[in-house]
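In the working numbering, the protein residues as written are 16 to 417. Here is the structure we will look at, set down as structure tokens.
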Ligand code: TGC
Ligand code: FAD
């Protein structure tokens, strides 16, 4: 009989093969499958061997930024002329799925850069801003972050107090943002702030501007390999050409969130697949009462339900991806998928933890890391309940937020 120690060693090699019970690959193009395979190989080589150590040490591996750029993980949906991948939304989703299969914090780094920094610059920026920032963000020469949340305004960003005044030849920015992924290492921040009339605008704030600091948030039990911090603006002089000119109002950041939430719906599927894959292998190898635990009905029930939920979630994001490609997906369509798939992944992580018994709480397996990461994912980009209320508003026409 193989000892438990040997089993752990072999699992560490990352033998993930994907989950495709309903032959969903038939719905993908050859290009989609090639892209997925190249990102899967990248994750096996550049993330899986190290992620446990990074997470245990709360270390953000800055060198991954350039590597993500090289493999095309930043802004796959942005046109090629600006350094993006020029790919469709299903390709974008598959990339997020594979990266989050490695770790949700790594996917955070990629989705913030692509959907929350490159997207607003591409969508709402001037041609000069696009040319200045997008190619460097795409290649990983530059890292960005997105500042919407404030200490007193999380689910309700419209109440933000960060503000800027027109000083003639520049804007003067004051306020603070909290819980900002990538902030401690970011070269630029896309910051949402109110002008003197109370209208929300996006501004590009660069590291090095006087009065701008990015203190790191320590002691997280979740997304430990991703860096999170604040953005503090103390009379920061922002050049006028750094204002995103082509859209204002809360709708602008909410459009960015649509794109990022879509990526999360795919990404969490990756975390769920990893937990299922690890649980299935462990159940086949772990012997109790002289049999593999996989032979017990209660374990089979858990595995069968995991596969069912993963398959349903795969079909959901594939159809949503088609709607994104056709420009037919609405915020509520995206909310449904983000909410469902994060909850599905969290439930699978918890069940997988049970299947691994005591080993499930250790860093020998990815389960506890995924589970703790998903506790952030269920909160950021709109909490589980906020997405329920978005759906409630869609169904009834009544906003129950206020
Ligand atoms: P509401 O009155 O509904 O809307 C305000 C204005 O925005 C317009 N709008 C949209 N426009 C474009 N696209 C959308 N998806 C839009 N949704 C709304 C709307 O028409 C209106 O326009 P106008 O012209 O009338 O002003 O806004 P509300 O204040 O009632 O809020 C609604 C609510 C609660 C759903 C919204 O505030 C919300 O989604 N809250 C959640 C906040 C959130 O998700 N924060 C995420 C921060 S970023 C983050 O977490 C990154 S983590 C990244 C990582 O590490 O991966
Ligand atoms: P609150 O809004 O205070 O919510 C607390 C609880 O109250 C939740 O359960 C919520 O659902 C509930 N609640 C709130 N309002 C209502 C209501 N009307 N009806 C019913 N229930 C309600 N933000 C960024 O801008 N950029 C980032 O890069 C970023 N990265 C993040 C990284 C991490 C690791 C984390 C944890 C957060 C990040 N966030 C980021 C912030 C994130 O978007 C917010 O945490 C989230 O929007 C919730 O805000 P809050 O934490 O202030 O919770």
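C-beta: ideal position from N, C-alpha, C; glycine also.
Notebook entry, point to check: Does ligand 2 have even one heavy atom less than 6 Å from the beta-carbon of residue 50?
Noted result: To locate residue 50, count along the chain shown from 1; it is residue 35. No; taking the cut-off as 6 Å, the Cβ of residue 50 has no heavy atom of ligand 2 nearer than that.
Checklist line | DSSP state of residue 21 mapped onto helix, strand, coil | finding: Indexing the chain shown from 1 puts residue 21 at position 6. Because the pLDDT of residue 21 is 39, which lies under 50, any placement of that residue in the model is unreliable, and the number read from its coordinates should be weighed accordingly. Residue 21 falls in the helix class under three-state DSSP.
Item checked: Three-way DSSP call (helix, strand, coil) for residue 282 in this model -> Working through the chain shown from its first residue, we reach residue 282 at position 267. Here residue 282 carries a helix assignment [DSSP, helix/strand/coil].
Notebook entry, point to check: How many Å lie between residue 418 and residue 62 at the Cα?
Noted result: Here the chain comprises residues numbered 16 to 417, so residue 418 is not present and cannot be evaluated.
Check: With burial defined as no fewer than 16 other Cβ atoms inside 10 Å of the residue's Cβ, what is the status of residue 410: buried or exposed?
Finding: As a position in the chain shown, residue 410 is number 395, starting the count at 1. The residue in question, residue 410, is exposed, as its Cβ has fewer than 16 Cβ neighbours within 10 Å.
Next item on the list: Any chance you could list the alpha helix (DSSP H) runs of at least 4 consecutive residues sitting entirely within the stretch 18-88, in chain order?
Entry: The DSSP assignment places complete alpha helix (DSSP H) segments of no fewer than 4 residues inside the stretch 18-88 at 19-26, 45-57, 66-71, 79-86, in order along the chain.
Item checked: Pairwise C-alpha distance: residue 257 and residue 154 -> Counting from one through the chain shown, the residue named residue 154 turns up at place 139. Counting from one through the chain shown, the residue named residue 257 turns up at place 242. As the crow flies, the alpha-carbon of residue 154 is around 21 Å from that of residue 257.
Checklist line | residue 134 beta carbon near ligand 2 (any heavy atom closer than 6 Å) | finding: Within the chain shown, numbered from 1, the residue matching residue 134 stands at position 119. Between ligand 2 and residue 134, a heavy atom-to-CB distance of less than 6 Å is absent.
Check: If you measure from the CB of residue 126, is any heavy atom of ligand 1 nearer than 6 Å?
Finding: In the chain shown, the residue the question calls residue 126 occupies position 111. Checking the 6 Å criterion, the Cβ of residue 126 is within range of a heavy atom belonging to ligand 1.
Checklist line | Simplified DSSP assignment, three categories, for residue 167 | finding: Position 152 of the chain shown, counted from the start, is the residue given in the question as residue 167. In this structure, residue 167 counts as coil in the three-state DSSP scheme.
Next item on the list: Could you please give me the residues that DSSP links to residue 181 through a beta bridge?
Entry: Within the chain shown, residue 181 is the residue found at index 166, counting from 1. DSSP output for residue 181 lists 186 as bridge partner(s).
Notebook entry, point to check: Quick one: is the Cβ of residue 346 within less than 6 Å of any heavy atom of ligand 1?
Noted result: Position 331 of the chain shown holds residue 346. Yes, the Cβ of residue 346 comes within 6 Å of a heavy atom of ligand 1.
Checklist line | Integer Cβ distance of residue 54 from residue 93, believed to fall under 8 Å | finding: For this step, residue 54 is matched to residue 39 along the chain shown. For this step, residue 93 is matched to residue 78 along the chain shown. With 8 Å as the limit, residue 54 and residue 93 do not qualify as a contact, their Cβ atoms being about 17 Å apart.
Notebook entry, point to check: What residues match up with residue 219 in a beta bridge as DSSP calls it?
Noted result: Here residue 219 is taken as the residue at index 204 of the chain shown, counted from 1. Per DSSP, the beta-bridge partners of residue 219 are 205.
Notebook entry, point to check: So residue 272 and residue 397 are in contact, right, with Cβ under 8 Å, and what is the actual spacing, rounded?
Noted result: Numbered from its first residue, the chain shown carries residue 272 at position 257. Numbered from its first residue, the chain shown carries residue 397 at position 382. Rounded to whole angstroms, the Cβ separation of residue 272 and residue 397 is 7 Å, and the two are in contact under 8 Å.
Check: CA-CA distance, residue 231 and residue 309?
Finding: Position 216 of the chain shown, counted from the start, is the residue given in the question as residue 231. Position 294 of the chain shown, counted from the start, is the residue given in the question as residue 309. Cα to Cα, the separation comes out at about 44 Å.
Margin query: Using the three-state DSSP reduction, which class does residue 150 fall into: helix, strand or coil?
Written below: Working through the chain shown from its first residue, we reach residue 150 at position 135. It is helical.
Next item on the list: Check whether the Cβ atoms of residue 208 and residue 177 lie closer than 7 Å to each other.
Entry: For this step, residue 208 is matched to residue 193 along the chain shown. For this step, residue 177 is matched to residue 162 along the chain shown. Cβ atoms of residue 208 and residue 177: closer than 7 Å.
Next item on the list: Could you spell out the range, first to last residue, of the beta strand (DSSP E) harbouring residue 250?
Entry: Counted from its first residue, the chain shown places residue 250 at position 235. Its beta strand (DSSP E) spans residues 243-254.
Notebook entry, point to check: At which residues does the beta strand (DSSP E) containing residue 161 begin and terminate?
Noted result: What you label residue 161 is simply residue 146 of the chain shown in a count that begins at 1. Run containing residue 161: 159-162, per the beta strand (DSSP E) assignment.
Check: Under a three-way DSSP split, which group does residue 16 fall into?
Finding: For the purposes of this step, residue 16 is taken as the residue at position 1 of the chain shown. With a pLDDT of 37 at residue 16, under the threshold of 50, the predicted position of this residue should be treated as unreliable, and no value is reported.
Next item on the list: Please name the residue or residues paired with residue 231 in a DSSP beta bridge.
Entry: Against the chain shown, residue 231 aligns to sequence position 216. Looking at the DSSP assignment, residue 231 forms a beta bridge with 244.
Next item on the list: Kindly give me the distance between the Cβ atoms of residue 336 and residue 108, rounded to whole angstroms, as I take these residues to be in contact under 8 Å.
Entry: Translated into positions along the chain shown, residue 336 becomes position 321. Translated into positions along the chain shown, residue 108 becomes position 93. Indeed they touch by this definition, with Cβ atoms about 5 Å apart.
Check: Ordered along the chain, which non-local residues of its own chain (more than five positions away) have a Cβ less than 7 Å from that of residue 402?
Finding: Here the question's residue 402 lines up with position 387 in the chain shown. Excluding sequence neighbours, residue 402 sits near 350, 353, 354.
Margin query: Would you say the beta carbon of residue 137 is closer than 6 Å to some non-hydrogen atom of ligand 1?
Written below: Locating residue 137 in the chain shown gives position 122, counting from the first residue. No - ligand 1 has no heavy atom lying nearer than 6 Å to the Cβ of residue 137.
Note to self: Checking the sheet assignment: what are the DSSP bridge partners for residue 258?
What the structure shows: Working through the chain shown from its first residue, we reach residue 258 at position 243. Looking at the DSSP assignment, residue 258 forms a beta bridge with 218.
Notebook entry, point to check: Within the present structure, is the beta-carbon of residue 41 separated from the nearest heavy atom of ligand 1 by less than 6 Å?
Noted result: In the chain shown, counting from the first residue as 1, residue 41 sits at position 26. Using a cutoff of 6 Å, the CB of residue 41 does not count as near ligand 1, since none of the ligand's heavy atoms is closer than that.
Notebook entry, point to check: Around the C-beta of residue 117, are 16 or more other C-beta atoms found within 10 angstroms, so that it is buried, or is it exposed?
Noted result: For the purposes of this step, residue 117 is identified with residue 102 of the chain shown, where counting begins at 1. Answer is buried; the Cβ neighbour count reaches 16.
Next item on the list: Spatial neighbours of residue 228 within its chain, please: CB distance less than 6 Å, with the 5 preceding and 5 following residues excluded, ordered by chain position.
Entry: Position 213 of the chain shown holds residue 228. Contacts found: 247.
Check: Can you tell which of 105, 299, 168, 393 has its C-alpha closest to the C-alpha of residue 315?
Finding: As a working note, residue 315 is residue 300 in the chain shown. Put simply, of 105, 299, 168, 393 the residue whose alpha carbon is nearest the alpha carbon of residue 315 is 299.
Next item on the list: Could you tell me the distance, in whole angstroms, from the CA atom of residue 206 to the CA atom of residue 30?
Entry: Residue mapping note: residue 206 aligns to position 191 of the chain shown, counting from 1. Residue mapping note: residue 30 aligns to position 15 of the chain shown, counting from 1. Cα-Cα distance, rounded: 41 Å.
Note to self: Given this structure, state the Cα-to-Cα distance separating residue 18 from residue 66, to the nearest angstrom.
What the structure shows: Counted from its first residue, the chain shown places residue 18 at position 3. Counted from its first residue, the chain shown places residue 66 at position 51. Only weak support exists for where residue 18 lies, its pLDDT of 38 falling under 50; the value from the coordinates is given anyway. Between residue 18 and residue 66, the C-alpha separation is close to 24 Å.
Next item on the list: Just the C-alpha distance for residue 32 and residue 184, rounded to the nearest angstrom, thanks.
Entry: In the chain shown, the residue the question calls residue 32 occupies position 17. In the chain shown, the residue the question calls residue 184 occupies position 169. Taking the straight line joining both Cα atoms gives about 57 Å.
Next item on the list: Take residue 136 as the anchor and find which of 99, 165, 122 has the nearest alpha-carbon.
Entry: Counting from one through the chain shown, the residue named residue 136 turns up at place 121. Measuring from the Cα of residue 136, the nearest candidate turns out to be 99.
Checklist line | For residue 57, the nearest candidate out of 376, 84, 74 (CA to CA) | finding: In the chain shown, the residue the question calls residue 57 occupies position 42. With distances taken between Cα atoms, residue 57 lies closest to 84.
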